Structures are given as structure tokens and as C-alpha cells.
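S.K.: Got a structure for you, written out below as C-alpha cells; questions coming shortly.
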Amino acid sequence: MKLIGMLDSPFVRRAAITLTLKGIPFEHLSLSVFRNFSEFQSINPLVKAPTLIGDEGWQMVDSSMIIDWAESIGTGASLMPGEPTARLRALRLLGLALTACEKSVQIVYEGKRDENHRDPSWLSRVEGQLASAYAALEQEATGRHGWLVGETLTQADITVAVAWGFTQLMQPELITTARHPALAALSARAEQLPAFMALPPT
Ligand SMILES: N[C@@H](CCC(=O)N[C@@H](CS)C(=O)NCC(=O)O)C(=O)O
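Count the sequence shown with the working numbering and you get residues 33 to 234, in order.
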């Protein structure tokens with residue numbers, strides 16, 4: 033099995049960390065959707081990262097689909113709580129964290145445009161959405177002891193920590209540690225886990 037995409041993508045990184053935690057072996061091909069566009073396209077014409085390629089030749093895109101499948105074939109306890117109240121909380125947090133990832137990525141993409149073609153009003157809208165996602169996540173993380181949903185690591189912790197790390201790499205001036213101490217602490221804790229350390233966002 034091969035996972036294609038760079039670990040500086042939060043979507044690729046959450047998929048890679050999950051595959052690792054679920055004990056699913058994979059080969060990582062660190063191709064950029066920009067710098068390695070042609071090579072990526074020759075493998076998957078969609079040029080979407082992450083792309084998972086099965087030993088039988090099938091391909092799957094989208095980190096949430098890959099994670100869903102990893103849950104069904106992997107070993108060990110599920111990273112998603114089964115109890116409805118805990119599952120609701122995990123899903124709500126995942127929605128916020130994935131929105132944060134999406135908005136951070138949109139800001140990066142806007143920065144790739146020629147300066148004359150950037151849209152300041154669009155950028156300001158996206159920055160506001162990013163700030164709202166992190167404000168909501170900070171509120172959810174404040175005062176939690178243990179992980180975000182109960183005492184064991186869940187997919188919510190993985191995705192929130194990966195989102196935080198990505199935004200800190202890309203827009204640290206917009207989303208500061210000073211205003212998000214609970215998220216910074218959660219992320220620091222997650223980044224100490226062997227699966228996070230083995231898959232740094234570079
Ligand atoms: N919802 C998707 C988002 C994946 C995504 O947008 N990945 C970016 C890299 S960070 C990508 O493939 N960009 C190239 C493109 O959209 O053309 C997921 O969770 O996997």
C-alpha cells in the first residue's frame with residue numbers, strides 16, 4: 033500500500049498518523065501537488081493529496097475516507113468513540129479542525145497567486161473563518177484534562193493537533209499561541225507521541 037502526498041499537508045499527515053496508529057503498513061511517496069504535478073498526475077489524474085493506492089491497484093482520495101477505511105481494517109481500539117455523546121463531540125471537533133485545515137490551505141493558495149490577482153476581501157473572509165474555527169476549538173480544549181474526548185487519544189485529538197501544527201507553520205501571525213494556550217498544550221502533547229514524531233510536517 034502506498035500513501036502519496038507531502039506531510040506538510042494536514043490531510044496527508046492525519047491519514048499517515050492514523051494508518052500508523054492502526055498498525056497498517058504503507059510506503060510513503062512524498063510528492064508535491066505543485067512541484068511534482070506531472071508525476072502525481074501520471075499516478076492519479078485527480079492530483080489530490082492524500083491518495084492511497086492499494087496493493088491490488090485501487091486508489092482512494094480524501095483523508096476522511098482513508099481514515100474510515102483504516103478504522104475498518106486496522107488493529108487495536110477504534111480512534112472514534114462509539115458512545116453517542118462522545119461520538120457527537122468527536123465529530124463536532126473534527127468538523128471544526130477540518131474547517132481550520134481547509135481555511136489555512138485556502139490562505140496558502142491565495143498567496144500563490146500573482147500579487148495583482150489576489151482578492152483582499154476574499155482573504156479577509158477566509159482569515160475570519162480561520163479565526164472562528166480556532167476560537168471554537170480553543171473553547172472546546174480549555175479546561176480539559178486528558179485528551180479532547182475522554183481519557184484516550186481519539187481522531188479528534190489527532191486532527192486538531194495536526195491542524196494546529198499546520199497553521200502554526202503557515203500562519204503563526206494570524207493564530208497565536210498566546211490566544212490559544214489550550215490548543216498549543218494539546219498539540220505539544222500529541223507531537224510527543226511516537227506516531228507524530230515519526231511523521232513530522234515537513
Ligand atoms: N478533503 C480533502 C482535502 C485534500 C486537499 O485539498 N489536499 C490538497 C493538499 S493540502 C490538495 O490535494 N491540493 C491540490 C488540489 O486541490 O488541486 C481531504 O481531506 O483529503
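By construction, the Cβ of each residue, glycine as well, lies at the ideal position given by its N, Cα and C atoms. No experiment lies behind these values; they were computed from the predicted model shown.
Can you tell me the Cα-Cα spacing of A109 and L123, whole angstroms?
M.R.: 17 angstroms
S.K.: Have a look at H212 and E172 and give me their C-alpha separation to the nearest angstrom.
M.R.: Their Cα atoms are separated by approximately 11 angstroms.
S.K.: With C-beta atoms as the reference, is A129 less than 9 angstroms away from S95?
M.R.: no
S.K.: If F228 sits next to A220, beta carbons under 8 angstroms apart, how far is it from one beta carbon to the other, in whole angstroms?
M.R.: Not quite, the Cβ-Cβ distance comes to about 10 angstroms (not below 8 angstroms), so this is no contact.
S.K.: Could you tell me if the beta carbon of A195 falls within a distance shorter than 8 angstroms of some heavy atom in ligand 1?
M.R.: no
S.K.: State the beta-bridge partners of Q91 as determined by DSSP.
M.R.: I85
S.K.: Residues around ligand 1, please: the ones whose beta-carbon is closer than 6 angstroms to some heavy atom of it, in chain order.
M.R.: S41, F43, V65, V79, K80, A81, P82, D94, S95, S96 and V137
S.K.: Looking only at its chain, what residues have a beta carbon closer than 6 angstroms to the beta carbon of H60, apart from the 5 residues adjacent to it on each side?
M.R.: L35
S.K.: Three or more C-beta pairs under 8 angstroms: does that hold for the region 191-207 against the region 130-143?
M.R.: yes
S.K.: Do the region 152-167 and the region 53-73 touch if we need at least three Cβ pairs shorter than 8 angstroms?
M.R.: In short, these stretches do not touch, since the Cβ pair count stays below three.
S.K.: When the Cα atoms are used, what is the spatial distance from L231 to S41?
M.R.: 11 angstroms
S.K.: The beta strand (DSSP E) with L35 in it runs from where to where?
M.R.: K34 to I36
S.K.: Alpha carbon to alpha carbon, how far is N148 from L225? Give it in angstroms, no decimals.
M.R.: 43 angstroms
S.K.: Check for me: the beta strand (DSSP E) holding L61 runs from which residue to which?
M.R.: E59 to L61
S.K.: Since A188 and L126 should fall inside the 8 angstroms C-beta cutoff, what is the C-beta to C-beta distance between them, to a whole number of angstroms?
M.R.: 6 angstroms
S.K.: From I85 to A217, what does the alpha carbon distance come to, in whole angstroms?
M.R.: The straight-line gap from Cα to Cα measures roughly 35 angstroms.
S.K.: Classify F69 as buried or exposed, calling it buried when 16 or more other Cβ atoms lie within 10 Å of its own Cβ.
M.R.: Under this definition F69 is an exposed residue.
S.K.: So, is Y235 buried or exposed, given that buried needs 16 or more other C-beta atoms within 10 angstroms?
M.R.: This structure cannot settle anything about residue 235, because the visible part of the chain is limited to 33 through 234.
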